[in-house]
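The sequence shown: position 128 = 189 (the numbering used here), numbered continuously. No residue lacks a Cβ here, since even glycine has one placed at the ideal position from N, Cα and C. Owing to the predicted nature of the structure, the values given are computational and were not obtained by experimental measurement. Inspection log for the structure reproduced underneath, given as structure tokens.
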Amino acid sequence: NFNDFMDHFISSVRPSKDHPVLLLLDNHSSHLSLAALDLAKKNSVHLLSFPAHCSHKLQPLDVSVYGPLKKYNTAAQATWMRNNPGRTMTIYDIPGIINSSFPLAFTPSNIIAGFQKSGISPFDRDGFHALADYAPGYVTDRVEPAEEVLMQIPMPDENIPFTFTFDENDDANFDNIDID
């Protein structure tokens with residue numbers, strides 16, 4: 062739980078009154094407990110939580126690491142598929158795949174870039190000029206998509222043989238109905 066993390070963080074970083082530490086948090090509710098807040102206060106850890114729905118702009122990993130991780134992981138999965146034709150990828154294959162892509166994305170330069178682009182370090186008070194990124198939704202004049210209409214399929218006469226084949230990988234459509 063978060064209190065265990067706080068204990069580990071405090072013992073590793075060793076903040077003091079002369080050298081307080083700022084800990085940046087996402088807006089997850091698990092970070093809000095009286096015990097964690099008391100522990101932080103007693104140990105000179107200042108907690109600052111990002112506003113909700115701003116992680117794409119403020120959280121360093123979201124800004125510069127997860128995009129490359131997704132790209133490298135997609136490439137690693139494609140390589141795995143080429144090297145294992147006919148085999149189905151399972152959860153047991155995922156750690157090996159991520160093991161090859163993780164070090165490519167979690168580089169010191171990507172992590173540092175995340176802190177820079179988000180304006181955390183070096184601190185950039187004026188780093189965000191596009192207020193539209195944080196504005197609430199607006200009413201639009203866009204036309205709503207038409208309602209979905211269920212297709213009526215006439216039933217064939219009982220005397221006409223027909224076959225229906227369905228491949229589990231196909232979308233549920235009726236393009237593959239054969240009437241003999």
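Determine whether the beta carbon atoms of residue i and residue j lie at a separation below 8 Å.
| i | j | result |
| --- | --- | --- |
| LEU108 | ALA101 | yes |
| SER116 | ALA174 | no |
| SER179 | LEU119 | yes |
| ASP87 | PHE111 | yes |
Considering residue i, what are the terminal residues of the alpha helix (DSSP H) in which it resides?
| i | result |
| --- | --- |
| HIS117 | 116-119 |
| HIS69 | 63-74 |
| LEU95 | 95-103 |
| SER170 | 169-178 |
| TYR127 | 127-144 |
By Cβ distance, which residues of its chain are closer than 8 Å to residue i, with the 5 residues on each side in sequence left out?
| i | result |
| --- | --- |
| ASN64 | SER94, ALA96, ALA97 and LEU100 |
| TYR127 | ALA166 |
Identify, in the order they occur along the chain, each residue of the same chain with its Cβ nearer than 6 Å to the Cβ of residue i, setting aside the five sequence neighbours on each side.
| i | result |
| --- | --- |
| ASN134 | SER162 |
Where residue i and residue j are concerned, what is the direct C-alpha to C-alpha distance, given to the nearest angstrom?
| i | j | result |
| --- | --- | --- |
| ASP79 | PRO121 | 27 Å |
| ILE158 | ALA139 | 10 Å |
| PHE235 | THR149 | Any reading at PHE235 must be qualified, since the residue scores a pLDDT of 46, below 50, and its modelled position is unreliable; the value itself is stated next. Looking at the two C-alpha atoms, the distance is approximately 27 Å. |
| HIS114 | HIS89 | 11 Å |
| PHE55 | ASN62 | A question about residue 55 goes unanswered here, because the residues of the chain that appear run from 62 up to 241. |
| LYS103 | PHE66 | 15 Å |
| ASN145 | TYR153 | 14 Å |
Regarding residue i and the ligand SAH, is the C-beta to nearest heavy atom distance less than 7 Å?
| i | result |
| --- | --- |
| PRO164 | With respect to small molecules bound, the structure shown includes none, and the ligand SAH cannot be examined in it. |
Identify the continuous beta strand (DSSP E) that holds residue i and give its terminal residues.
| i | result |
| --- | --- |
| SER90 | Here SER90 belongs to no beta strand (DSSP E), and DSSP marks it neither H nor E. |
| SER110 | 106-110 |
So, does the CB of residue i fall closer than 8 Å to a CB anywhere in chain C?
| i | result |
| --- | --- |
| ILE71 | Here there is only one protein chain, and chain C is not present. |
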